[in-house]
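Below is one structure; the comments refer to it alone.
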Amino acid sequence: MAAEGEEEFKGRNRLLYCRHCPQKNPYSTSVTTNFRKHLERKHEIRVVEDLTPLQSSIFEGFEQLYQQAQDLGRTTEIESEVFKRYLDQDKISKALAWLIVARNLPYRIVESSEFHLFISTLNPVAKDHLPSAHSTIPRIIDNHFQWAKDIVRMTLQSAKSKVHLSLDIWTSPNRLLLLGVCSHFVDHVQETRRKALLALRPVANHSGEEQFITLLPVLRDFGIVRRIGSVVGDNSGTNDTLCRAMSTYLKEEEGLDWDPDVHRLRCLGHVINLAVQAFLFPNPLDLQQSESCEDADDPTRTQRQRAEFRRLGPLGKLHNLVINTQSSSARIREFTELAGRMIPLDNRTRWNSWYQMLHVATKQETASAVDAYTKNHFEFCGFSIARRLDSAPHN
-11 MAAEGEEEFK
-1 GRNRLLYCRH
9 CPQKNPYSTS
19 VTTNFRKHLE
29 RKHEIRVVED
39 LTPLQSSIFE
49 GFEQLYQQAQ
59 DLGRTTEIES
69 EVFKRYLDQD
79 KISKALAWLI
89 VARNLPYRIV
99 ESSEFHLFIS
109 TLNPVAKDHL
119 PSAHSTIPRI
129 IDNHFQWAKD
139 IVRMTLQSAK
149 SKVHLSLDIW
159 TSPNRLLLLG
169 VCSHFVDHVQ
179 ETRRKALLAL
189 RPVANHSGEE
199 QFITLLPVLR
209 DFGIVRRIGS
219 VVGDNSGTND
229 TLCRAMSTYL
239 KEEEGLDWDP
249 DVHRLRCLGH
259 VINLAVQAFL
269 FPNPLDLQQS
279 ESCEDADDPT
289 RTQRQRAEFR
299 RLGPLGKLHN
309 LVINTQSSSA
319 RIREFTELAG
329 RMIPLDNRTR
339 WNSWYQMLHV
349 ATKQETASAV
359 DAYTKNHFEF
369 CGFSIARRLD
379 SAPHN
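Note that my numbering numbers the sequence shown so that position 313 is 301, with each residue one more than the last.
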């Protein structure tokens, strides 16, 4: 019905009003298809359209043909053709490559009978479109990687702005040094800021020269050597060296003036982190040299590191306690039973890690668990407790 104060048209000019919308401003249209879309999109009401007499006749004809084929035992051929129509080899390969890479699955999953059984359950003829040898997976992944890389390359080369870089070195779990390179630019199509991971390349060491040697082939590969804007990095002096090396190369090889001081940007998060550390630790020790977790088999070194961290005051004592709770599976289980969770360990490369450690440790349930654990392991924590008792006022 029409809303109050509105004229209700009839016949071919009639308007359909939505009774599920607010009465003051209901949705209205004269097109039934649009009205069905509105109900489904706004109110999650799906309206099934009745078949016209012609559509019903065609549908009945198909049913009769299928019944005849079933009587002749030829439905399998029809079903196979229907299933094949939904298969796209390129999309299947792309989805398989994405699944294996994103979930870090072994290449040999394509040789698994369980994997093929699962795929066949979804589509009986799909197994014929899947690789059956693990040796073909690297080629499939590389093909789709190159395809995606070409898109990134064209997007970068057509950017409206300069291409700015942010980079840092990361140590992988297997102790490889990897240089991560990200680009930041304004897309010429959408005119919005975009970013893309360009590379994660092995680098020989942390020196600025080695970083530039690793970075230059990446810039050449994407064709953006002459489009470099600013470089963002932490406060390490090696990043200054990298920018000077880049400036020299651009001047000598490309004839471009690129000021390493103007275009060298410092990560604000890293600057703030250094300022906070200066307040937390007036006499900071070199945390980079303190590899507390990796030297558990060296009692002398471990004891020395504990003493160093104690000089940090309460934060250092908490650090030592967290290290102790994570030193064996038995202690992990013991502390988890007391607190219901573990206390996250501080990490010099995760700038909020000290806050996270303190935030969890000072919660009421965790604090009581810390107290109980300390009493259970007095031989480890006794030095700190004894100092607290010695410093307490005596009556």
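Using N, Cα and C, we set each Cβ at its ideal position, and we do this for glycine too.
Check your understanding: Between the Cα of arginine 181 and the Cα atoms of Thr313, Ala90, Ile320, Ala147, which residue gives the shortest distance?
Key -> Ala147
Review point. Hey, how far is the Cα of serine 341 from the Cα of leucine 303?
Key: 12 Å
Point to revise | Residue closest to glycine 328, alpha-carbon to alpha-carbon, out of Glu353, Val310, His347 | key: Glu353
Practice item. Would you kindly check if the distance between the Cβ of asparagine 312 and the Cβ of histidine 251 is under 8 Å? Key: no
**Study point:** methionine 142 at chain B interface by Cβ criterion, 8 Å
**Key:** Protein chains in the displayed structure number just one, and chain B is not present.
Point to revise | Beta carbon of alanine 187 nearer than 8 Å to that of valine 213 | key: no
**Study point:** Under 8 Å between C-beta atoms of phenylalanine 173 and histidine 152
**Key:** yes
**Study point:** isoleucine 33 (DSSP reduced to helix, strand or coil)
**Key:** coil
Review point. When every heavy atom of the ligand GTP is checked, does at least one fall within less than 7 Å of the C-beta of alanine 147?
Key: Within the structure as shown, the ligand GTP is missing, as the structure has no ligands at all.
Practice item. From the DSSP output, in three-state form, read off arginine 7 for me. Key: coil
Check your understanding: Do three or more CB pairs link the stretch 104 to 121 to the stretch 206 to 220 at distances below 8 Å?
Key -> no
Check your understanding: Got a sec, what are the start and stop residues for the alpha helix (DSSP H) alanine 357 sits in?
Key -> 352 to 364
Check your understanding: For glutamine 178 versus valine 191, is the C-beta spacing smaller than 8 Å?
Key -> no
**Study point:** 6 Å Cβ shell around threonine 229 - same chain, five flanking residues per side excluded
**Key:** Gly196
Point to revise | Simplified DSSP assignment, three categories, for serine 218 | key: strand
Check your understanding: For methionine 345, which residues of its own chain have a beta-carbon under 7 Å away from its beta-carbon, when the five flanking residues on both sides are left out?
Key -> Leu306, Val310, Ile331, Pro332, Leu333, Asp334
Check your understanding: How many Å lie between phenylalanine 23 and cysteine 9 at the Cα?
Key -> 12 Å
Exercise for review: Would you please state the rounded distance, in angstroms, between the beta carbons of asparagine 308 and histidine 258? I believe it to be under 8 Å.
Suggested key: Contact doesn't hold; Cβ gap of about 26 Å is too wide.
Check your understanding: Do glutamate 102 and alanine 121 have their C-beta atoms closer together than 8 Å?
Key -> no
**Study point:** 4 or more residues per run - each alpha helix (DSSP H) lying fully within the stretch 96 to 153
**Key:** 101 to 110, 125 to 145
Exercise for review: Determine the contact status of serine 16 and leucine 4, defining contact as a CB-CB distance below 8 Å.
Suggested key: yes
**Study point:** Given valine 35 as reference, the closest of Ser45, Ser44, Thr20, Leu42 once Cα atoms are compared
**Key:** Thr20
Check your understanding: Which first and last residues belong to the beta strand (DSSP E) in which alanine 187 is found?
Key -> 181 to 190
Exercise for review: Have a look at Arg189, Ser44, Trp135, Cys6 and flag the residue whose alpha-carbon is nearest the alpha-carbon of isoleucine 33.
Suggested key: Cys6
Review point. Which term fits aspartate 274, buried or exposed, when burial requires 16 or more other beta carbons within 10 angstroms of its beta carbon?
Key: In this predicted model, aspartate 274 has a pLDDT of only 45, less than 50, meaning its place in the structure is not dependable; the value taken from the coordinates is given anyway. So aspartate 274 counts as exposed.
Practice item. Over the uninterrupted alpha helix (DSSP H) stretch that includes histidine 172, give me the two end residues. Key: That residue, histidine 172, is in no alpha helix (DSSP H); its beta strand (DSSP E) goes 165 to 174.
Check your understanding: To the nearest angstrom, how far is it from the Cα of cysteine 281 to the Cα of tryptophan 246?
Key -> Caution applies to cysteine 281, whose pLDDT of 40 falls short of 50 and renders its modelled position unreliable; the value that the coordinates give is listed next. For cysteine 281 and tryptophan 246, the distance between alpha carbons rounds to 43 Å.
Check your understanding: Rounded to a whole number of angstroms, what is the C-alpha to C-alpha distance between aspartate 130 and lysine 150?
Key -> 29 Å
Review point. According to DSSP, is tyrosine 15 helix, strand or coil?
Key: coil
Check your understanding: What three-state label does DSSP hand asparagine 335 in the structure shown?
Key -> strand
Point to revise | Residue from Met234, Gly225, Gln265 whose Cα sits closest to the Cα of arginine 254 | key: Gly225
Review point. At what residues does the alpha helix (DSSP H) containing leucine 207 begin and finish?
Key: 196 to 210
Exercise for review: Could you round the C-beta distance between glutamate 107 and leucine 93 to whole angstroms and report it? I think they count as a contact, below 8 Å.
Suggested key: One detail in the question is off: residue 107 reads as isoleucine in this sequence, not glutamate. Going by Cβ atoms, the distance from isoleucine 107 to leucine 93 rounds to 14 Å, so no, they are not a contact pair.
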